[in-house]
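Q: Before I ask anything, let me first share the structure, which is written out below as structure tokens.
2 protein chains.
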Amino acid sequence: MPRPRTRTGALKDRLLSESISLLESGGAVAVTARRVASEAGTSTAAVYELFGDKAGLVRSIFYEGFERLAAELVAEAPCGDPYRDVVAMFDATRRFALRFPMLFEVMFARPFIEFEPGPKDFDAAAQIYTEVIRRVAALLDTGETDEVTVDAAHALVALDRGLLGSELSGVLGRSAASIERRRATAFETMIVGLRAKVVGS
Amino acid sequence: MPRPRTRTGALKDRLLSESISLLESGGAVAVTARRVASEAGTSTAAVYELFGDKAGLVRSIFYEGFERLAAELVAEAPCGDPYRDVVAMFDATRRFALRFPMLFEVMFARPFIEFEPGPKDFDAAAQIYTEVIRRVAALLDTGETDEVTVDAAHALVALDRGLLGSELSGVLGRSAASIERRRATAFETMIVGLRAKVVGS
DNA sequence: TTCTCAAAGATAACGATGTTACGAAACGTC
DNA sequence: GACGTTTCGTAACATCGTTATCTTTGAGAA
Numbered sequence: 000m001p002r003p004r005t006r007t008g009a010l011k012d013r014l015l016s017e018s019i020s021l022l023e024s025g026g027a028v029a030v031t032a033r034r035v036a037s038e039a040g041t042s043t044a045a046v047y048e049l050f051g052d053k054a055g056l057v058r059s060i061f062y063e064g065f066e067r068l069a070a071e072l073v074a075e076a077p078c079g080d081p082y083r084d085v086v087a088m089f090d091a092t093r094r095f096a097l098r099f100p101m102l103f104e105v106m107f108a109r110p111f112i113e114f115e116p117g118p119k120d121f122d123a124a125a126q127i128y129t130e131v132i133r134r135v136a137a138l139l140d141t142g143e144t145d146e147v148t149v150d151a152a153h154a155l156v157a158l159d160r161g162l163l164g165s166e167l168s169g170v171l172g173r174s175a176a177s178i179e180r181r182r183a184t185a186f187e188t189m190i191v192g193l194r195a196k197v198v199g200s
Numbered sequence: 000m001p002r003p004r005t006r007t008g009a010l011k012d013r014l015l016s017e018s019i020s021l022l023e024s025g026g027a028v029a030v031t032a033r034r035v036a037s038e039a040g041t042s043t044a045a046v047y048e049l050f051g052d053k054a055g056l057v058r059s060i061f062y063e064g065f066e067r068l069a070a071e072l073v074a075e076a077p078c079g080d081p082y083r084d085v086v087a088m089f090d091a092t093r094r095f096a097l098r099f100p101m102l103f104e105v106m107f108a109r110p111f112i113e114f115e116p117g118p119k120d121f122d123a124a125a126q127i128y129t130e131v132i133r134r135v136a137a138l139l140d141t142g143e144t145d146e147v148t149v150d151a152a153h154a155l156v157a158l159d160r161g162l163l164g165s166e167l168s169g170v171l172g173r174s175a176a177s178i179e180r181r182r183a184t185a186f187e188t189m190i191v192g193l194r195a196k197v198v199g200s
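So the protein sequences, as listed, match chains D and V. Reminder that position 64 of the first sequence reads as 63 in numbering that gives the first Met the number 0, one-by-one numbering, no gaps. Reminder that position 78 of the second sequence reads as 77 in numbering that gives the first Met the number 0, one-by-one numbering, no gaps.
Here's what the structure looks like:
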């Protein structure tokens, strides 16, 4: 008896996709309910029925970013050399950040006033966390639940996060060469130090 | 013949001060032209005459943040032990970030859509840069313009930035003990590694 | 003292945004 | 072909950034 639904999961996916396109092409300022709805061929009311509010839409973008990044990290198959496997993972993160800088900012900065990720939202990064832990454990030859492993993983993730934050802000270096040299030496220093600390204890 | 001016530098300072108060108490969403003007006892037009636009106001907040941080870092007088002097500087940064988390976010995240800092805006951090370079050069016993010094400074700043980003997001650890342990081990690992790299070459 | 007028301030309006109440549209059923 | 229910899009509201407009002010002229 009713008219057929159009505000389905498929439309939700479509709205999310259009939101990310608008985000990458025009920045956070371009992601408005009216524009997103228009791009997806629907109305603002559909956005609010499917996402609750603007924060819900941005939260979905946030989750989608972590899913895409996790997919790329897992696709980076380990080559057997634990050192290179760790570096390759962070290099993949960097490629992702440079390819989708706005999406990366939603994940690690906070370009939308409406949405501040809480502790629960970072559960979206669980798959990435697992992958990092796995490779760091292999790097240090320690157990995946060992404190030293978890601490080392946090140190490396923080270093990567800081380096990418600096690079995306344009303050890590002027030339591509200096940027990559600083990245490489920072990671090398940290990784060698972490290994030495494990061996020494 | 005209009426006396009230839109002076003093009012600009007052508006900036009220903006930061609103920012810290109510987040970025609380910093509106109307509210800032009202708190300072003036009108929105004064905000626009003194700051140009909203981005100009946020830019002033951004600058003020770097000035306050620089003042706190310089006040942290070196004790003679280069290692402890470097750690003390980053500890001071952390105290600042925990005391003014919103201001810190304006400096290193991007909570306002209106203002994205460009390379030129980071000139505001020149004084901090100088202080970091000075202490890192002392740490490594290298020249302040040496590539190794500058690279090491970037690595440490990035590590600090990443650690604080993680901590402020609530993902660095659950207990204060684990957070501080991870900070300490990360910095120790990096600093020891940087020193070893200099000595070894 | 009162009037004038130029400088300076505040008000109010405009477009755009997040959000939602409301009326319009579409389908199976009688 | 009309009805009713479900669903959808439109339009309205409050608020925001922004600026044109109008009001106020106070020293000097009459």
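Ideal Cβ positions, reconstructed from N, Cα and C, are used throughout, including at glycine.
Comparing the C-beta of Ile-112/V with each C-beta of chain D, is any distance below 8 Å?
A: Against the second sequence, residue 112/V aligns to sequence position 113. Taking Cβ atoms only, chain D reaches closer than 8 Å to Ile-112/V, which makes this a yes.
Q: Quick one: what does DSSP say Leu-171/D is sitting in, helix, strand or coil?
A: Along the first sequence, read from residue 1 onward, the residue named residue 171/D stands at position 172. Three-state result, Leu-171/D: coil.
Q: Report whether the distance from the Cβ of Ser-200/D to the nearest heavy atom of the ligand COA is below 7 Å.
A: Absence of the ligand COA from the depicted structure is noted, as is the absence of any ligand whatsoever, leaving it without description.
Q: With a threshold of 8 Å between beta carbons, is Val-191/D in contact with chain V?
A: Numbered from 1 along the first sequence, position 192 holds the residue referred to as residue 191/D. Chain V, which has a Cβ nearer than 8 Å to the Cβ of Val-191/D, makes this yes.
Q: Could you tell me the distance, in whole angstroms, from the CA atom of Ala-157/V to the CA atom of Phe-61/D?
A: For this step, residue 157/V is matched to residue 158 along the second sequence. For this step, residue 61/D is matched to residue 62 along the first sequence. Answer to the nearest angstrom: the Cα atoms are 23 Å apart.
Q: Count the C-beta pairs between the region 158 to 175 of chain V and the region 175 to 182 of chain D that are closer than 8 Å, then say yes if the count reaches three, no if not.
A: Contact fails: fewer than three Cβ-Cβ distances are below 8 Å.
Q: Kindly give me the distance between the Cβ atoms of Thr-188/V and Lys-196/D, rounded to whole angstroms, as I take these residues to be in contact under 8 Å.
A: The residue given as residue 188/V occupies position 189 in the second sequence. The residue given as residue 196/D occupies position 197 in the first sequence. Yes, they are in contact, since the Cβ atoms of Thr-188/V and Lys-196/D sit about 6 Å apart, within 8 Å.
Q: Does DSSP classify Glu-115/D as helix, strand or coil?
A: The residue labelled residue 115/D in the question sits at position 116 within the first sequence. Of the three classes helix, strand and coil, the one that applies to Glu-115/D here is coil, per DSSP.
Q: What does Ser-165/D reach in chain V if we use C-beta pairs closer than 8 Å?
A: For the purposes of this step, residue 165/D is taken as the residue at position 166 of the first sequence. Those are His-153, Val-156, Ala-157, Arg-160, listed as they occur along chain V.
Q: For the alpha helix (DSSP H) that Gly-64/D lies in, which residues bound it at each end?
A: Here residue 64/D is taken as the residue at index 65 of the first sequence, counted from 1. Taken as a continuous stretch (DSSP letters only), the alpha helix (DSSP H) holding Gly-64/D covers 53 to 74.
Q: Can you give me the C-alpha to C-alpha distance between Arg-94/V and Arg-6/D, rounded to a whole angstrom?
A: Reading the second sequence from its first residue, position 95 is the one you call residue 94/V. Reading the first sequence from its first residue, position 7 is the one you call residue 6/D. Roughly 48 Å separates the two Cα atoms.
Q: Roughly how many angstroms lie between the CA atoms of Ile-132/V and Gly-64/V, to the nearest whole one?
A: Stepping through the second sequence from its first residue, residue 132/V is reached at position 133. Stepping through the second sequence from its first residue, residue 64/V is reached at position 65. The straight-line gap from Cα to Cα measures roughly 20 Å.
Q: Out of Ser-37/D, Val-86/D, Gly-25/D, Leu-14/D, which one is the CA nearest neighbour of Arg-58/D?
A: Within the first sequence, the letter at position 59 stands for residue 58/D. Closest by alpha carbon: Leu-14/D.
Q: At the level of alpha carbons, what is the spacing between Leu-21/V and Arg-34/V?
A: Taking the first residue of the second sequence as position 1, residue 21/V is located at position 22. Taking the first residue of the second sequence as position 1, residue 34/V is located at position 35. Approximately 8 Å between the Cα atoms of the pair.
Q: With C-beta atoms as the reference, is Leu-139/D less than 8 Å away from Arg-194/D?
A: Locating residue 139/D in the first sequence gives position 140, counting from the first residue. Locating residue 194/D in the first sequence gives position 195, counting from the first residue. The answer is yes: Cβ separation under 8 Å.
Q: Can you name the start and end residues of the alpha helix (DSSP H) that Val-135/D belongs to?
A: Here residue 135/D refers to the residue found at position 136 when the first sequence is read from its first residue. First-last of the alpha helix (DSSP H) with Val-135/D: 125 to 139.
Q: Do Phe-111/D and Ala-45/D come within 8 Å of each other at the CB atom, strictly closer than that value?
A: Stepping through the first sequence from its first residue, residue 45/D is reached at position 46. Stepping through the first sequence from its first residue, residue 111/D is reached at position 112. No, the Cβ-Cβ distance between Ala-45/D and Phe-111/D is not below 8 Å.
Q: Using the C-alpha atoms, what's the distance from Pro-77/D back to Ala-123/V?
A: Position 124 of the second sequence, counted from the start, is the residue given in the question as residue 123/V. Position 78 of the first sequence, counted from the start, is the residue given in the question as residue 77/D. Computed Cα separation, rounded: 42 Å.
Q: Taking the alpha carbon of Ala-136/V as the point to measure from, which residue in Ala-9/V, Asp-80/V, Phe-121/V has its own alpha carbon closest?
A: For the purposes of this step, residue 136/V is taken as residue 137 along the second sequence, with counting starting at 1. Residue Asp-80/V is the option with its Cα nearest to Ala-136/V.
Q: Taking 8 Å as the CB-CB cut-off, is Phe-107/D touching chain V?
A: The sequence position of residue 107/D within the first sequence is 108, counting from 1. Closer than 8 Å to some Cβ of chain V, the Cβ of Phe-107/D qualifies, so yes.
Q: Taking 6 Å as the limit between beta carbons, can you name the residues of its chain near Thr-43/D, skipping five residues before and five after?
A: Walking along the first sequence from the start, residue 43/D turns up at place 44. Correct list, in chain order: Ala-32, Arg-33, Ala-36.
Q: Which residue marks the beginning of the alpha helix (DSSP H) containing Pro-81/D, and which one marks its end?
A: Counting from 1 along the first sequence, the entry for residue 81/D is found at position 82. Residues 81 to 98.
Q: Pull up the distance between the alpha-carbon of Ile-19/V and that of Ala-9/D, whole angstroms please.
A: Here residue 19/V corresponds to residue number 20 of the second sequence, with the count starting at 1. Here residue 9/D corresponds to residue number 10 of the first sequence, with the count starting at 1. Rounded to the nearest angstrom, the two C-alpha atoms are 43 Å apart.
Q: Kindly indicate which three-state DSSP category Asp-12/V falls into: helix, strand or coil?
A: For the purposes of this step, residue 12/V is taken as residue 13 along the second sequence, with counting starting at 1. DSSP places Asp-12/V in helix when its eight states are reduced to three.
Q: Find out if the Cβ-Cβ distance for the pair Asp-159/D, Gly-161/V is shorter than 8 Å.
A: Position 160 of the first sequence, counted from the first residue, corresponds to residue 159/D. Position 162 of the second sequence, counted from the first residue, corresponds to residue 161/V. Yes, these two residues count as a Cβ contact at 8 Å.
Q: Pull up the distance between the alpha-carbon of Tyr-47/V and that of Ala-54/V, whole angstroms please.
A: For this step, residue 47/V is matched to residue 48 along the second sequence. For this step, residue 54/V is matched to residue 55 along the second sequence. Cα to Cα, Tyr-47/V sits roughly 10 Å from Ala-54/V.
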